[in-house]
Amino acid sequence: MREDAEAISVLLGAAYDAESVGPTEVSDALRRIGASEEQAAEIADRVHRSQREFSRLRRREHELSALFSSARELAELRDSDAVLERLVQRAHEMMGADLAYLSEFDPGTRELRVRETSGSVSASLPSLRVPPGRGLVSAVVESRAPLWVSNYSSYTSERHDSGVDEAVSDEGLVSMLGVPMLTSDDVLGVLFVGNRTEKSFSPEEVSLLSAMADHASVILQTTYTLRSLQESEDASRRNLESLTAHLVERDRANTVHQELVQAVLAGGGFGPVAETLASALGRSVAILDDQDQIIAAAGLPLAAGMLEPDAAIHDAIAESRRSGHCVAVTGSTVRAVAALSAGKRHFGAMLLGDGEFELGAVDFRTVERAAQVGALLALQQEAASGADQRVRSELITDLLDDVPERRSDVERRARRLGVDLQTLDTLLLLAVPGDQQTAAARALSRHLDERTLVGEYRGFIVVAHSSARDALEPERLRAHAEASIQHPVSLVVPRAAKGALPDAFVSAMRTARLLAALEITGMTVQVDDFLPYSAILDTDSRALGTFLRDTIGAVRTYDADRGADLLGTLRAFVRNNASPTRTARALNFHTNTILQRLDRLDHVLGADWREDERMFRLGIAVRLDELRERLERR
1 MREDAEAISV
11 LLGAAYDAES
21 VGPTEVSDAL
31 RRIGASEEQA
41 AEIADRVHRS
51 QREFSRLRRR
61 EHELSALFSS
71 ARELAELRDS
81 DAVLERLVQR
91 AHEMMGADLA
101 YLSEFDPGTR
111 ELRVRETSGS
121 VSASLPSLRV
131 PPGRGLVSAV
141 VESRAPLWVS
151 NYSSYTSERH
161 DSGVDEAVSD
171 EGLVSMLGVP
181 MLTSDDVLGV
191 LFVGNRTEKS
201 FSPEEVSLLS
211 AMADHASVIL
221 QTTYTLRSLQ
231 ESEDASRRNL
241 ESLTAHLVER
251 DRANTVHQEL
261 VQAVLAGGGF
271 GPVAETLASA
281 LGRSVAILDD
291 QDQIIAAAGL
301 PLAAGMLEPD
311 AAIHDAIAES
321 RRSGHCVAVT
331 GSTVRAVAAL
341 SAGKRHFGAM
351 LLGDGEFELG
361 AVDFRTVERA
371 AQVGALLALQ
381 QEAASGADQR
391 VRSELITDLL
401 DDVPERRSDV
411 ERRARRLGVD
421 LQTLDTLLLL
431 AVPGDQQTAA
441 ARALSRHLDE
451 RTLVGEYRGF
461 IVVAHSSARD
471 ALEPERLRAH
481 AEASIQHPVS
491 LVVPRAAKGA
501 LPDAFVSAMR
511 TARLLAALEI
521 TGMTVQVDDF
531 LPYSAILDTD
541 SRALGTFLRD
551 TIGAVRTYDA
561 DRGADLLGTL
571 RAFVRNNASP
581 TRTARALNFH
591 TNTILQRLDR
601 LDHVLGADWR
611 EDERMFRLGI
621 AVRLDELRER
631 LERR
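Under the numbering used here, the first residue of the sequence shown carries the number 1, and numbering increases by one thereafter.
Laid out in structure tokens, this is it:
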């Protein structure tokens, strides 16, 4: 009876724990309770099948438990990388494989990049990128179905790749199973397990790994969705920030526009324009004229580049003149410039320093609008200046014409301009090309005080002022006129007028015409330097040139042909009252040498050149020619 109980206990134990009984214990127990050999073998076979089914169910239960755990982790998804890492580890454990890894598919390059590994022993696999059409992984992507090989070395040769083969060799992999991670339309990647021995994979193993791959697909798809949502959120935030900044710029531009209109209507000039722009844009602003002189500034202190514009700033101003737009400046303390232009006219530029925020597109348009307002102000001031200049030119004309009947009217108009005619005792005359006289006169008027008269008269610019006040420096005045028109200017200084301005003008005009006849320009001269030539010579350029050629032209030709200085001897002879001895002493030559040179002059000029009339003409020509050379050497 006791033996029967033990046999039944063995049979019951074998039903749920195959490892608790040996391979023949079931048959032995059955025979002990009276079963025949055949009956015992049949029942033992059923028990073994039950054991295998029980083991399968227990393994399935374990797999389902692991899948449920993965599903819980997926539901609590916070860090997709951590969940994928844990899922690959579970695949490694549940499949009982030597290695598990996940490759992510890149739809752009169609490469597969290993993203997570578990059980890897080499450095090559975690960084592996499989090119399109290579390896088992590409076959899985193309077929969208699970595939496995029991021995990768015998896998079809056209699928092999040196990089993949090297990674497989470093890991010592032999058999591999890969299942795709799918969405409805796309392949997201492939989940792999591998062994370092040959192995055939069962349908249950393929099914289990496919379930794990489905979880990985959800994780990746969720990651992509979250990433897309984040990118959309970031893009929306950027668009909102851009729209907000644009609205701020537009509000700022509208404010500036209104204040600029008020500034122009109030007639405040350039100062309010600079103040408005500096306040709105939060930076220093300087407005320069066409000579780079600051005419208005705000937002002090000014940047160094505003005080002394460098080449980069001048290039930007030139570009702004060409394009009509505000131009950014790089590598300078000035951040942006806008030219003050109207058509082909250039009045200066608007320079902007650094600020707390970068200037946007609307800010640039605002600066351009301010520059247009500045150009309109310049035109307005020019029109007013032009009217005033015409009045002053008319007063200069009446003053120099000196018509007694109009003297009282001239004095009345002078008083309206704040000019005391009784103190005007000094006159300067400037020779300026006709088409640039107005511009030069306007520039000189801005440069001098209002009590100085500047106007156009008989083809010249005349400056009348009082010597009792600050004396004018003629050379600086001429240089200023030249800079304003970018053209050489000659200035003539007559003798002190002492109330006789018309006489001073006549002597200065004769000297200026003589300079033009001699083709001398771009210098300051005294009337006394050209007396008496300006009084006795025709100042027609062609007539004066003929006179010089007829008198000393032959001597110049002789010197040029022979490399001599016979003209120098003639000059010394004239200066020393036609005395050979004094001429020799002046030139440090022997008297005989001078006599020989005088004989040559007889040959060149003719034997009568020393007669009174010829000598008088030669004396004038020689002295005038010598004066011209001296002036040209200045």
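Idealized CB from N, CA, C, for every residue including glycine.
For residue i, three-class secondary structure by DSSP
i      : result
Asn195 : strand
Leu109 : The sequence shown places Thr at residue 109, not Leu. Coil.
Gly163 : helix
Val432 : coil
Glu275 : helix
Leu377 : helix
Asp308 : Checking the sequence, you will find Glu at residue 308 rather than Asp. Coil.
Val622 : helix
Pro180 : strand
Ala212 : Correcting the residue identity first, residue 212 is Met in this sequence and not Ala. Of the three classes helix, strand and coil, the one that applies to Met212 here is helix, per DSSP.
Tyr101 : strand
Val489 : coil
Ser157 : helix
Ala483 : helix
Asp290 : coil
Ser207 : helix
Arg283 : strand
Leu395 : helix
Val141 : helix
Leu188 : strand
Cutoff 6 Å; reference residue i; Cβ partners in own chain excluding five residues on either side
i      : result
Gly348 : Leu288, Asp289, Asp290, Leu340
Leu618 : Thr551
Ser320 : Val327, Val337, Ala338, Ala339
Ser103 : Leu112, Val114, Val137, Gly189, Val190
Per-residue burial, residue i [other beta carbons within 10 Å of its own, 16 or more giving buried]
i      : result
Asn588 : exposed
Gly189 : buried
Asn151 : exposed
Glu171 : buried
Asp625 : buried
Met1   : Note that Met1 has pLDDT 49, beneath the 50 cutoff, so the model's placement of it is unreliable and no number is given.
Ala235 : exposed
Glu142 : exposed
Lys344 : exposed
Thr583 : buried
Asn577 : exposed
Phe573 : buried
Arg90  : buried
Thr276 : buried
Asn195 : buried
Val329 : buried
His92  : buried
Ser217 : buried
Leu637 : The first residue shown for the chain is 1 and the last is 634, placing residue 637 beyond what the model contains.
Same chain, Cβ closer than 7 Å to residue i, five either side skipped, listed in chain order
i      : result
Pro488 : Glu482, Thr521, Gly522
Phe105 : Leu112, Val141, Val187, Leu188, Gly189
Arg556 : Leu567
Val622 : Ile552, Leu570, Arg571, Val574
Residue i versus the options, residue with shortest Cα-Cα distance
i      : options                        : result
Thr569 : Gly133, Leu595, Asn195         : Leu595
Leu281 : Ala443, Arg322, Glu358         : Glu358
Ser635 : Val174, Arg144, Leu428, Gly163 : For the chain, the structure presents residues 1 to 634; residue 635 sits outside this window and is missing.
Ser138 : Glu166, Ser122, Val179, Ser169 : Val179
Thr430 : Gln422, Asp420, Leu444         : A small fix is needed here, since residue 430 is Leu in this sequence, not Thr. Ranking the options by Cα distance to Leu430, first place goes to Leu444.
Lys199 : Val218, Asp214, Val149         : Val149
Arg451 : Phe460, Ser467, Ile461         : Ser467
Val206 : Asp81, Asp401, Ala97           : Ala97
Ala286 : Leu351, Pro107, Ser332         : Leu351
Glu116 : Arg110, Arg129, Pro107, Thr109 : Arg129
Ser332 : Ala312, Asp420, Ala342         : Ala312
Glu356 : Ser279, Val273, Leu99, Asp565  : Ser279
Residues near residue i in its chain [Cβ-Cβ closer than 8 Å; skip 5 each side]
i      : result
Glu368 : Gly324, His325, Cys326, Ala338
Pro474 : Leu428, Leu491, Val493, Thr524
Gln389 : Thr438, Ala441, Arg442, Ser445, Val454, Gly455
Unbroken stretches of the beta strand (DSSP E), 3 residues or longer, contained in the segment 505–533: 524–526
Would you list, in sequence order, the uninterrupted beta strand (DSSP E) runs of no fewer than 3 residues that lie entirely inside the segment 110–138? The beta strand (DSSP E) runs lying completely inside the segment 110–138 and spanning 3 residues or more are 112–118, given in chain order.
Please go through the segment 400–473 and give each complete beta strand (DSSP E) segment of 3 or more residues, from N-terminal end onward. 426–431, 453–457, 460–465
What alpha helix (DSSP H) runs, 4 residues minimum, are completely inside the segment 309–356? 311–323
Report the start-end ranges of each beta strand (DSSP E) in the segment 544–621 that is 3 residues or longer and not cut off at the edges. none
Please give me, in chain order, every unbroken run of the beta strand (DSSP E) with length at least 3 that falls completely inside the segment 216–240. The segment 216–240 contains no whole beta strand (DSSP E) run of 3 or more residues.
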